[in-house]
Amino acid sequence: MILSNHVPELPAMANALGLDSLIDEVHTSAAMGYEKPNRKSFEIALESCGRPDQVWMVGDNPVADVAGAEAVGISAILVRSEASGVPRQAQDLHQAASIIVSQSHTGAAS
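So for the sequence shown, this note's numbering puts the first residue at 364; every next one is plus one.
Take a look at the structure:
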């Protein structure tokens, strides 16, 4: 799922990039009326996917993505090349995926 502070055309943009086979849903602030880090944006996304037991937010903004997600109980990873002081940080999406997989196997998602 994509949850983004973006334009309502983002679902069509993701499809045009060939991401439609990888992503089930796209939620944008323009369509929802709420921007991250507003907890309502995360709650709408959680509700739409049936509130699964394990959810991760991977993003590039420490406030909108990480703090917003963590405020509603979602584990989060900040993807940034420079150090930020955020506990879970990855240099790129491959490293973020490795963190998720390793924490999923240990049951330490929170």
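Note that the Cβ used here is the ideal one computed from N, Cα and C, for glycine as well.
Here the structure is a predicted model, which means the values were calculated and not measured.
Close Cβ partners of residue i (< 7 Å) along its chain, the five nearest in sequence each way excluded
i: residue 395; result: 404 and 407
i: residue 391; result: 367, 369, 370, 371 and 373
Of the residues the options, the one placed nearest residue i, counting alpha carbons only
i: residue 412; options: 386, 423 and 392; result: 386
i: residue 445; options: 439, 437, 463 and 425; result: 425
Range of the contiguous beta strand (DSSP E) that encloses residue i
i: residue 439; result: 438-442
i: residue 367; result: 365-367
Other residues of its chain near residue i: CB distance less than 8 Å, five sequence neighbours each side excluded
i: residue 402; result: 431, 434 and 435
Delimiting residues of the alpha helix (DSSP H) encompassing residue i
i: residue 372; result: That residue, residue 372, is in no alpha helix (DSSP H); it is neither H nor E in DSSP.
i: residue 431; result: 431-434
Distance cut-off 6 Å: residue i Cβ against heavy atoms of the ligand FAD
i: residue 457; result: Ligands in the displayed structure: none, and consequently the ligand FAD is not present.
Cβ separation of residue i and residue j, assumed to be a contact under 8 Å, to the nearest whole Å
i: residue 438; j: residue 419; result: 5 Å
Contained beta strand (DSSP E) runs [length at least 3] in the region 379-420, N- to C-terminal order: 389-391
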